[in-house]
Amino acid sequence: MRAPGGSQGGREAVAGDILLSVEDVSLSFGGVKAVSGVSFDIRKGEIRAIIGPNGAGKTSMLNVINGFYHPQQGRITFKGEARPRMRPHDAAHGGIARTFQNVALFRGMSALDNIMAGRTLKMNANFFWQMLRYGPAMREEVEHRHKVEEIIDFLKIQEIRRTPVGRLPYGLQKRVELGRALAMEPELLLLDEPMAGMNLEEKEDMSRYILDMNDYFGTTVALIEHDMGVVMDLSDRVVVLDHGIKIADGTPDEIKGNQAVIDAYLGVAH
Amino acid sequence: MLYREAGQFKTSYASDQAIFPILQDRIGIVVILAVAFTLPLYADDFIVNAVMIPFLIFSLAAIGLNLLTGYTGQLSLGTGAFMGVGAYACYKLTTIWPDVNIIVWVVCSGFFSAAVGAVFGLPSLRIKGFYLAIATLAAQFFLEWCFIRIPWLYNENISGAIEVPQRELFNIIVTGPRATAETRYYVVLCLVVAMTWIASNLMHGRIGRTWMAVRDMDIAAELMGIRLLPTKLMAFAVSSFYCGVAGALMVFLWYGGAEPAVFNINQSFTILFMIIIGGLGSLLGSFLGAALIYVLPIALRFGPELLGLHMHAATVEHVTFMVVGILIIFFLIAEPAGLARLWQIGKQKLRVWPFPY
Ligand SMILES: Nc1ncnc2c1ncn2[C@@H]1O[C@H](COP(=O)(O)OP(=O)(O)OP(=O)(O)O)[C@@H](O)[C@H]1O
Ligand SMILES: [Mg+2]
Chain V
258 MRAPGGSQGG REAVAGDILL SVEDVSLSFG GVKAVSGVSF DIRKGEIRAI
308 IGPNGAGKTS MLNVINGFYH PQQGRITFKG EARPRMRPHD AAHGGIARTF
358 QNVALFRGMS ALDNIMAGRT LKMNANFFWQ MLRYGPAMRE EVEHRHKVEE
408 IIDFLKIQEI RRTPVGRLPY GLQKRVELGR ALAMEPELLL LDEPMAGMNL
458 EEKEDMSRYI LDMNDYFGTT VALIEHDMGV VMDLSDRVVV LDHGIKIADG
508 TPDEIKGNQA VIDAYLGVAH
Chain W
24 MLYREAGQFK TSYASDQAIF PILQDRIGIV VILAVAFTLP LYADDFIVNA
74 VMIPFLIFSL AAIGLNLLTG YTGQLSLGTG AFMGVGAYAC YKLTTIWPDV
124 NIIVWVVCSG FFSAAVGAVF GLPSLRIKGF YLAIATLAAQ FFLEWCFIRI
174 PWLYNENISG AIEVPQRELF NIIVTGPRAT AETRYYVVLC LVVAMTWIAS
224 NLMHGRIGRT WMAVRDMDIA AELMGIRLLP TKLMAFAVSS FYCGVAGALM
274 VFLWYGGAEP AVFNINQSFT ILFMIIIGGL GSLLGSFLGA ALIYVLPIAL
324 RFGPELLGLH MHAATVEHVT FMVVGILIIF FLIAEPAGLA RLWQIGKQKL
374 RVWPFPY
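Chains as they are written, first to last, in my numbering: chain V, 258 to 527; chain W, 24 to 380.
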């Protein structure tokens, strides 16, 4: 899957600046500790995998990063600024986009409209022009349609642009959701199990899109994935969570040989 | 073979983004408009006054509710009251400043209704669905109470009702008992056409997408940078604007006067049934629903008579109730997207006809 040159099991390290850092973050729901004292960072331009067994706290970590949950403890620094409490739409303004573990598309809308919705923040024609659908409103609509068509071409979903997404098969829904996130031209893209429930071929396609997107648009990616083959192929660095605690952090090669990780995955009692 | 886009290639995104990209649809719209604008030339006063004017007004109110419930997913039972706000606002405005053009006041009354709607939309940030419906029900009862208990609203009339004064536009009598059905019809038609066009523009652009995004998946919408509260409040305001104008039109250009009971909870339910049957989230559906709910009973009442059958008024009423009830249940179960969806399916079939595969 990986372009030639990348050694087996890992990509050449990307030595970018730190885009996001998570320091000592803890989050609990009532008595359940979903994340406890986790620290790691994401560098500009890298693909950073977050892995761990079910219930490890991976999704919760993403929810903290984009502001759905506020950690009880710890600090998150994005683009050099420590952020206080932040709402999801602030994260969107800041340049963080996201796909969901269970597809969260706008089911009643066409694929095209879903992806156009991803451009919302970049559009600003006022109510008056929107009412007339003329002048700035129409210009803006066409301009963003061009951008969206580029994404549609990139993801090869030309055939389904007019289909209401509720009627698409699961694999295509995941692809449209990726398109919608891409339309935001994010600096940091959080992907929560983008390949769950896909067959091998679909997984290969999706991996291709993630790599290309990272190469061509320079999008930084945080990727949650259960398929180890995919993780090893795609990611620059991997952080491993188990029971809300970080148990390992390093390159795919380092992770593969890590005893704690092997134990966590084999279910050794601790 | 007649209805298809074959050969109609889009040469630019602008034309592809057009609201009616298919030529046949555009012709259809032109024909409908032509019929609507020439109707009084060949239809009698009864059709114009008792069928077409109310049909258009109900369609407008249904569009209003559809913007909120169908497009933004916020269930409201306060439609009747929001229409009432428009009607009473228009009445106060035109009695305080009689010299201002009545059409201006009809449109302005929409802003009053929009403001009231936005205030009662505030709970929508915290509550959804059924509970929001209950909150809007509170609005319904509170506003109805105002219409009855605040004499200032109906200028201390002893009857407790509002009576529409005579107003002229370019020396033509538009409102009041002496206005002709034809004049009133044209005023209503122009407003409804303009406002439908605006609603369609809004729903096909950024605003429509943000509303539907909030309806379909509010969490993901927030993540696109859409702020939920302003979006929902705007939907409440725009929706109530439409309902308010519909209410003002109802009193000023159809009834000629009104009691508070016109704007009671039954009115809210009537409009809600219209959009359920017509199609949630469809402007066309708003018209179809209004036609079915309002025009069907008239057809049932006068249809048999035309055929020489005589039915008791009570029988007709019961039959109407049953038919409407069955239709509502049918659409809720079988086709939640309403008549508009059936129309879509029909068009799709026609597009591939005669080779279905
Ligand atoms: N909203 C919530 N309320 C209560 N508990 C929650 C909530 N969200 C997550 N949890 C709990 O937090 C823990 C971590 O859940 P999380 O969804 O982050 O795991 P995950 O690593 O994404 O697992 P999976 O691989 O199954 O997706 C679990 O024990 C879960 O039950
Ligand atoms: Mg998860």
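All residues carry an ideal CB built from backbone N, CA and C; glycine is no exception.
W/E179 burial status per 10 Å Cβ neighbour count (16 or more: buried): Answer is exposed; the Cβ neighbour count stays below 16.
Any heavy atom of ligand 2 nearer than 7 Å to the CB - residues listed: V/K315, V/T316, V/Q358, V/D449, V/E450, V/I481
Contact residues within the stretch 399–413 of chain V, judged by C-beta distance below 7 Å to chain W: V399, R402, H403
Counterpart residues of V/S367 in DSSP-defined beta bridges: V/P421
Residue-chain proximity (V/F297, chain W), Cβ-Cβ < 7 Å: no
Where W/V123 sits in the DSSP three-state scheme: coil
The stretch 133–144 of chain W touching the stretch 158–170 of chain W, judged by at least three CB pairs closer than 8 Å: yes
Chain-ordered chain V contacts of W/E443 [CB-CB under 8 Å]: Missing from the structure shown is residue 443 of chain W; chain W here goes from 24 to 380 and no further.
Expected contact under 8 Å - CB spacing of V/V279 and V/Q330 to nearest Å: That pair is no contact at about 12 Å.
Top-ranked residue by Cα proximity to V/D347, from W/F134, W/L246, W/L332: W/L246
Cβ separation of W/L362 and W/L311, assumed to be a contact under 8 Å, to the nearest whole Å: Indeed they touch by this definition, with Cβ atoms about 4 Å apart.
Proximity of V/N371 and V/V422 at Cβ, strictly below 7 Å: yes
Segment limits, alpha helix (DSSP H) that includes V/E303: Premise fails: V/E303 is in no alpha helix (DSSP H) and is neither H nor E.
Those runs of the alpha helix (DSSP H) which lie wholly inside the stretch 439–509 of chain V and span at least 4 residues: You should have 457–474, 485–491.
is_contact[W/T233, chain V] using C-beta, thresh 7 Å: yes
Beta-bridge partners of V/A354, as assigned by DSSP: Beta-bridge partners assigned by DSSP to V/A354: V/L446.
Which of helix, strand or coil DSSP assigns to V/V282: strand
Residues from the stretch 119–144 of chain W in contact with chain V, defined by Cβ distance under 8 Å: none
Exposed unless 16 or more other CB atoms sit within 10 angstroms - verdict on V/M366: buried
DSSP state of V/A260 mapped onto helix, strand, coil: With a pLDDT of 42 at V/A260, under the threshold of 50, the predicted position of this residue should be treated as unreliable, though the coordinate-derived value follows. In this structure, V/A260 counts as coil in the three-state DSSP scheme.
N- and C-terminal bounds of the alpha helix (DSSP H) containing V/F335: Note, V/F335: premise wrong, no alpha helix (DSSP H); beta strand (DSSP E) at 330–335.
Check: V/G312 C-beta below 6 Å from any heavy atom of ligand 1: yes
Neighbour flag for W/Y265 against chain V, beta carbons, 7 Å: no
Per DSSP, the bridge partner or partners of W/R190: DSSP lists W/T198 as the bridge partner or partners of W/R190.
Cβ-heavy atom distance, V/A517 to ligand 1, below 6 Å: Taking 6 Å as the cut-off, the C-beta of V/A517 does not count as close to any heavy atom of ligand 1.
Exposure label - W/A384; buried when at least 16 CB within 10 Å: No answer is possible for residue 384 of chain W: the residues shown for chain W start at 24 and end at 380.
Partner residues on chain W for V/T377, Cβ-Cβ distance less than 9 Å: R229, R232, T233, A236, A244, M247, G248, I249
8 Å contact criterion, which V/T477 and V/K301 should meet: CB distance rounded: Sure, about 6 Å apart at Cβ, within 8 Å.
Span of the alpha helix (DSSP H), counted from its first residue to its last, around W/L319: 319–329
CB of W/L214 within 7 Å of CB of V/Q387, strictly: no
Contact between the stretch 235–246 of chain W and the stretch 84–97 of chain W (3+ Cβ pairs under 8 Å): yes
CB contact below 7 Å: V/A394 versus chain W: So, interface residue.
Whole-Å CB distance - W/V261 paired with W/L90, under 8 Å assumed: 6 Å between Cβ atoms; contact.
Local conformation of V/A382 per DSSP, three classes: Note: V/A382 maps to coil in three-state DSSP.
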